[in-house]
Amino acid sequence: MSIASACHILVKTKAEADSLKLKLDKKADFHKLAKQYSICPSGKKGGDLGEFRKGDMVPAFDKAVFNGPLYKVQGPIKTQFGFHLIKVLYRS
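If you want the numbering used here, it's the 1-based position in the sequence shown plus 319.
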């Protein structure tokens, strides 16, 4: 079974996610932005979700993590929780 580790920033609006993505594209620190803006409890840990298996997350999030590029910020990805910016750290 596939496993991965990722960090994310969860915000309520696409506009907020787009704004943060621009900052990240200009080399802003992902973990600092997660601590400051993410509405997910993982924000306190810089957005770190730890290790999880394929199928543990909602489908759109899972697809981004297990099919998207490593180390590159993806998003915004819309789920029922809001808009995610996702950075995959590893997967196997």
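Note that CB positions come from ideal geometry on N, CA and C, so glycine has one too.
If you draw a straight line from the alpha carbon of residue i to that of residue j, how long is it in whole angstroms?
i: A334; j: R410; result: 29 Å
i: D344; j: M320; result: 32 Å
i: H327; j: K373; result: 16 Å
i: K346; j: Q393; result: 14 Å
i: Q355; j: K397; result: 20 Å
Opposite residue i in the DSSP bridges: which residues?
i: S324; result: E370 and Y409
i: G302; result: Residue coverage of the chain in this structure runs from 320 to 411, which leaves residue 302 outside it and unanswerable.
i: V330; result: F402
Taking the alpha carbon of residue i as the point to measure from, which residue in the options has its own alpha carbon closest?
i: G365; options: K373, L352, K331 and L389; result: L352
i: F402; options: A323, I358 and K346; result: I358
i: I322; options: V377, F371, A383 and L389; result: F371
i: Q399; options: K331, S324 and A325; result: K331
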